[in-house]
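Asks:
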Amino acid sequence: MTRGRIYEAVKRFFEEDDWKFYEMADAPVLMMTFSGKNGRWTCYAQAREAQEQFVFYSVCPINAPPDKLNQVVEFITRANYGMIIGNFELDYNDGEIRYKTSIDVEGADFPPILVKQMVYANVVVLDRYLAGMMRVIYADGNPADEIAKIESLPQGISLDGDSDVISKLRQEFISQIEELLSDVQFDEEDTSPADDDDKPLPPDMT
Numbered sequence: 005m006t007r008g009r010i011y012e013a014v015k016r017f018f019e020e021d022d023w024k025f026y027e028m029a030d031a032p033v034l035m036m037t038f039s040g041k042n043g044r045w046t047c048y049a050q051a052r053e054a055q056e057q058f059v060f061y062s063v064c065p066i067n068a069p070p071d072k073l074n075q076v077v078e079f080i081t082r083a084n085y086g087m088i089i090g091n092f093e094l095d096y097n098d099g100e101i102r103y104k105t106s107i108d109v110e111g112a113d114f115p116p117i118l119v120k121q122m123v124y125a126n127v128v129v130l131d132r133y134l135a136g137m138m139r140v141i142y143a144d145g146n147p148a149d150e151i152a153k154i155e156s157l158p159q160g161i162s163l164d165g166d167s168d169v170i171s172k173l174r175q176e177f178i179s180q181i182e183e184l185l186s187d188v189q190f191d192e193e194d195t196s197p198a199d200d201d202d203k204p205l206p207p208d209m210t
């Protein structure tokens with residue numbers, strides 16, 4: 005299969021950003037896994053060469069069961085309101101839930117930074133809403149209440165494991181201050197890529 009400029013730009017970003025991915029043989033799509041604070045899921049990066057578009061999907065690790073479709077619809081509709089870059093989607097046929105970000109680059113350059121923005125804007129949002137979605141599906145959570153809880157928190161802070169996240173943010177702040185005070189007395193933090201097959205949230209996204 006011929007690979008166009010959109011596909012090659014996307015592939016180059018994932019290679020340079022140390023993601024592990026699988027190239028589909030019969031479609032201009034890369035598949036990979038991602039680990040957030042609240043779960044692990046499959047992602048798809050699709051190049052639409054004819055339309056000069058790039059689409060990135062995060063597929064929720066759980067499907068909405070038939071008896072919870074209405075609650076999930078309310079949850080993602082409330083979540084989608086005010087979304088700027090992407091949106092949640094629900095397949096009524098099988099209950100699949102996914103978050104989509106996309107960009108049209110017709111007649112324009114497509115540098116790696118644009119791929120990065122679409123990818124990380126995507127995975128951060130699914131990770132933010134995933135715990136609430138699971139409570140709606142498995143614990144009879146009220147969609148309106150769950151969305152209110154999620155959106156009352158600062159971006160990047162989830163309802164699960166808050167103390168660990170806050171502790172990490174505090175430590176990162178202290179480290180930054182220490183580096184400003186004395187660059188030569190403190191070693192840089194190891195930023196080598198993880199050995200796992202999936203990509204974790206980068207420090208500046210947590």
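Residues in the sequence shown are numbered from 5 upward in steps of one, following this note's numbering.
All C-beta atoms in this analysis are idealised placements derived from N, C-alpha and C, irrespective of residue type, glycine included.
1) Taking only the alpha-carbon atoms, compute the straight-line gap between aspartate 71 and phenylalanine 38 and give it to the nearest angstrom.
2) Going straight from the alpha carbon of arginine 7 to that of valine 128, what length do you get?
3) By a C-beta neighbour count over all protein chains shown, 10 Å radius and 16 as the cutoff for buried, is serine 167 buried or exposed?
4) So is asparagine 97 buried or exposed if we call it buried at 16+ other beta carbons inside 10 Å?
5) Taking the straight line between their C-alpha atoms, what separation do you get for aspartate 131 and aspartate 149?
6) Can you list, in chain order, the residues of its chain whose CB lies under 7 angstroms from that of glutamate 56, leaving out five sequence neighbours each side?
7) In terms of alpha-carbon separation, which member of Ser156, Gly86 and Glu53 lies closest to glutamate 12?
8) Could you check where the beta strand (DSSP E) with methionine 28 kicks off and where it finishes?
Replies: Reading from the atomic positions:
1) The alpha-carbon atoms of aspartate 71 and phenylalanine 38 are separated by roughly 28 angstroms.
2) Cα-Cα distance, rounded: 28 angstroms.
3) Residue confidence for serine 167 is low, a pLDDT of 40 falling below 50, so the modelled location carries little weight; the figure read from the coordinates is stated next. Here serine 167 is exposed. Its C-beta has fewer than 16 other C-beta atoms within 10 Å.
4) Here asparagine 97 is exposed: its Cβ has fewer than 16 other Cβ atoms, across all protein chains shown, within 10 Å.
5) For aspartate 131 and aspartate 149, the distance between alpha carbons rounds to 18 angstroms.
6) Cβ within range, chain order: Ile10, Asp108, Val109 and Glu110.
7) Minimum Cα-Cα distance from glutamate 12 among the listed residues Ser156, Gly86 and Glu53 corresponds to Glu53.
8) Note, methionine 28: premise wrong, no beta strand (DSSP E); not H, not E.
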